Structure formats: structure tokens, C-alpha cells
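Chemist: Position in the sequence shown counted from 1, then plus 20, gives you my numbering.
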Amino acid sequence: MLILGIESSCDETAAAVVKDGREVLSNIINTQIEIHKKFGGVVPEVASRRHIETIDAVIDEALEKANVTFDDIDAIAVTYGPGLVGALLIGVSAAKALAFALKKPLIPVHHIKGHIMANFVAHKDLKPPFVCLVASGGHSHIVNVSDYNKLEIMGRTRDDAAGEAFDKIARVLGLGYPGGPLIDKLAKEGNKNAVEFPRVRMDKNSLDFSFSGVKTAVINYLHKLEQNGEEYNKADIAASFQNAVTDVLCEHTIEAAIIKNSKIIALAGGVASNSALREKMTNEAKKHGIDVIYPSPILCTDNAVMIACAGYYGYLDGDFADMTLNAVPSLQL
Ligand code: KG4
Ligand code: ZN
């Protein structure tokens, strides 16, 4: 079965053709990072306009690279939330138009579910159940994946997403946008124990996250040094901040896996590319006999392969949408 996946929830216009949910025939991503860089973050209206300009060409390229035509496609899967409403609408409208014109089924996909499903593409033998940490620019969720279409949230952020904290701290350190990869790189030159930033636990029985505290702690720490005219080492700050965030992500996720007696932890979302997170999670989980898996970085950040994969499992469950499908910016999992 060939699924055409379409993704436009934030600043990547993406289309992909995936065979039987796991075999990537094409993966086209048109990123807008260069456009939004000068504003220090994604400008929603600019993102929507850019999606309109590029989506047709991105879809055509996905078919071309896969060496297929619209006739060969069995269904169209599209992200309909969560995300920026104007951005989502472009992908949803394109998918609806194609499904209508080609008389093919339309499959609605939740963006976070897509991120999780990237692991099925990256690991051909992977089967549920497993526990997944989804950490991106907009979300930080611990999800128990008991079956392909059965997801249970075990923990979530009460305020900022992990990626959002990375982006903010990178900005105050003057590193640029997006901040995650820049902090990851700089942290390699720093001492992760230079400053003890807070590791927040909402309450003993909750696996929820809160990253606004560590973000404020770093900002206050830097302000104080600046006011006193003291020098600081950016690499030490980046490493110490990253150490605090990854400690919490690892602790809560491993606890979730232990609760579910899961022998696999999967990582997903942009922050899953973080080298310190991957290393720490792998080492800490090993102590409990738990294996850690993750997709390659290109399948961690936004892409349409993950949407086509989720679409395949949605198709098998008969989860179809009609022409009333709309973008849902704060869609719940
Ligand atoms: O999944 P994604 O592409 O978009 C959302 O759905 O939000 O994630 C983007 C986020 C950004 O906040 C970016 O800074 C972060 O993922 N990110 C990283 C790394 N690579 C991307 N964060 C930490 N370390 C990285 N290596
Ligand atoms: Zn995403």
C-alpha cells in the first residue's frame, strides 16, 4: 500500500511516499528555517504564505522521487493538528483537494502520533508495546504505546516544551535559531556540572514536566552575572542547562517504562536528536534492562514520512476523514 503523507504544521512543508507503513520511497522537506531565523522564531503568517507557495512542488517532488504517479497512491494522510492554524490549513486543504479529485481515501493524522510513528520507519522490527518520549518545539509527552493506534499519555509538560526551553536559552546566549542543535554542539565544549540548575518535579506521583523554572533560572543567573560585570563561559551554561533538562526527561521516562514494565523506550520529536539525551537515556535505561531506540535526526524533526506511516496504521483501522476535515490547532492526543 502506498500512502502519500503531507505535513505543514509549523515551518516545514513536507511530503513523502511510504510503502506499507515502513518503507520510505521519498522524503521531501522544504524547511523555512532560513526565513524565520532573522525573527528568532517562527512567524505564523509568514509560515502559512510560504507553505502555499511550495506545497504543490513539494508533493510533485515526493511522487517523482518515489517514481510513482497519483494513480499509484492508495491514500493521502495529512497532519490536521496540533500546530499553527494557518500552516495546518495549507496541508489539510491540499490533501482534501487531492483526495477529492483523485477519489482516494483521506486519513487525518495527529502530529505527535506522527513523531512517535517515525520509530516504526527507523526500526523495521519494532512492535508495540513500548514507552515513547516525544520532545519537540511544541510538546513534551511521555506516551505509552500499547498498540499501533492505542496511545496513552503518562506525562506532559505543564508549561513550556523542552525544545521551546532550548530555543529560548539559545536566544539569551546569543546563539541563534533553532537553538536545540546549537546548544547541543556548544555543550560538548562545556562543563555540565559548572552550574546546578533546578530539576523540577511537580509532585511525587506525577510524571509531568515543567521547564519554565529551569528557563527562568538560567536567565536570572545570566542577568546577575551581567549586572555584576562578570564574565561567563557560554559553553558551561549550555552544558549545565542541557544537563538539567535531560536529567528530568530521562528520570520521568524511565520511571514510566518501569511502571509499564516496558523493555523499550523510544525517543521522538526534534529534541530526540539531542546527543546528550540519547546517551544519558541509553546509559540510565540500561541499568534497568531497558533498550533505548530513536530515529535518525531527519526523522526526528518535522517530516511527512512519519505522517504517511501513521496514516498507514490509521488506514488499517478504518480511520478516514471526509471533506469536512478541518485544522485543529490544539488537537488533543
Ligand atoms: O519536532 P520539531 O521539528 O518541531 C515541532 O514539532 O516542534 O522540533 C523542533 C525542536 C526545536 O525546538 C529545536 O530546537 C529542537 O527541536 N531540536 C533540538 C535538537 N535538534 C532540534 N533540541 C535539542 N537538541 C538537538 N540536537
Ligand atoms: Zn513536530
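For each residue, glycine too, the CB sits at the ideal point set by N, CA and C. As the structure is a computational prediction, the values presented were derived from the model and not from experiment.
1) M301 lies in the alpha helix (DSSP H); which residues open and close that run?
2) Looking at the secondary structure, which residues open and close the beta strand (DSSP E) in which V112 lies?
3) Can D322 be considered in contact with the ligand ZN, in the sense that its beta carbon sits closer than 8 Å to one or more heavy atoms?
4) Assuming contact is defined by CB atoms lying nearer than 9 Å, are T177 and S230 in contact in what I supplied?
5) Taking the alpha carbon of S46 as the point to measure from, which residue in T74, N87, A138 and T99 has its own alpha carbon closest?
6) Just how far apart, CA to CA, sit G41 and I310?
7) Smallest Cα separation from L108: which of Q262, H131 and R221?
8) For R70, does the count of other Cβ atoms within 10 angstroms reach 16, so buried, or fall short, so exposed?
9) Can you tell me which residues form a DSSP beta bridge with F229?
10) Give me the Cβ distance between Y332 and V129, rounded to the nearest whole Å; I'm assuming they're in contact under 8 Å.
11) Among G158, V192 and M222, which has the Cα closest to the Cα of H355?
12) When the Cα of T33 is compared with those of A237, I110, G60 and A190, which residue comes out closest?
13) Suppose you measure from the CA of P218 to the CA of E84; what does that come to, to the nearest Å?
14) What would DSSP say about I2, mapped onto helix, strand or coil?
15) Considering just the uninterrupted stretch of the beta strand (DSSP E) at V312, what are its terminal residues?
16) Hey, quick one: how far does the alpha helix (DSSP H) through D167 stretch, first residue to last?
17) Looking at A115: is its Cβ nearer than 9 Å to the Cβ of L104?
18) What span of residues does the alpha helix (DSSP H) with T273 cover, start to end?
19) Within the continuous alpha helix (DSSP H) that includes S68, where are the two ends?
20) Using only the alpha-carbon positions, how far apart do A182 and K235 sit?
21) Going along the chain, which residues of its own chain have a beta-carbon closer than 6 Å to the beta-carbon of M301, five neighbours each way excluded?
22) DSSP state of I26, grouped into three classes?
23) Determine, using beta carbons only, whether A292 and V154 come nearer to each other than 9 Å.
24) What's the gap between the Cα of G158 and the Cα of V112?
25) Is it true that the stretch 239 to 256 meets the stretch 273 to 293, where meeting means three or more beta-carbon pairs spaced less than 8 Å apart?
26) Taking the straight line between their C-alpha atoms, what separation do you get for I173 and G233?
27) Label H308 either buried or exposed according to how many other C-beta atoms from any shown protein chain fall within 10 Å of its C-beta, with 16 as the threshold for buried.
28) Hey, S29 and T99 are a contact pair by Cβ (cut 8 Å); roughly how many whole angstroms apart?
29) Quick check on A77: buried or exposed, where buried means 16 or more other Cβ atoms within 10 Å of its Cβ?
30) Bridge partners of G32, per DSSP?
31) Alpha carbon to alpha carbon, how far is G61 from I23?
32) Exposed or buried, what is N18 when buried is set at 16 or more other beta-carbons lying within 10 Å of its beta-carbon?
33) Nearest by alpha-carbon distance to D94: which of K283, M343, K124 and D180 is it?
34) Compute the beta-carbon to beta-carbon distance between A35 and I48, rounded to the nearest angstrom, for a pair I have assumed lies under 8 Å.
Modeler: Let's see:
1) S295 to K306
2) Taken as a continuous stretch (DSSP letters only), V112 belongs to no beta strand (DSSP E), being part of the alpha helix (DSSP H) at V105 to L122.
3) yes
4) Yes, they are a contact pair.
5) N87
6) 26 Å
7) Ranking Q262, H131 and R221 by CA distance to the CA of L108 puts H131 first.
8) buried
9) T177
10) About 10 Å; that fails the 8 Å criterion.
11) Here the chain comprises residues numbered 21 to 353, so residue 355 is not present and cannot be evaluated.
12) With distances taken between Cα atoms, T33 lies closest to I110.
13) 50 Å
14) The chain is shown from 21 up to 353; residue 2 falls before or after that span and cannot be answered.
15) D311 to I313
16) Careful: D167 lies outside any alpha helix (DSSP H), inside the beta strand (DSSP E) at S160 to D167.
17) no
18) K254 to I279
19) P64 to A86
20) 10 Å
21) Same-chain partners within the cutoff: C270 and V312.
22) strand
23) yes
24) 19 Å
25) With a cut-off of 8 Å, the stretch 273 to 293 and the stretch 239 to 256 do not count as touching, because too few Cβ pairs lie within range.
26) 22 Å
27) exposed
28) 5 Å
29) exposed
30) According to the sequence displayed, residue 32 carries Glu and not Gly. Partner(s): T51.
31) Taking the CA atoms as reference points, G61 sits about 32 Å from I23.
32) Because the chain is modelled from 21 through 353, residue 18 falls outside the range shown and cannot be assessed.
33) The alpha carbon of D94 has as its nearest neighbour, out of K283, M343, K124 and D180, the alpha carbon of K124.
34) Distance from A35 to I48 at the Cβ level is roughly 5 Å; contact confirmed, criterion being Cβ atoms closer than 8 Å.
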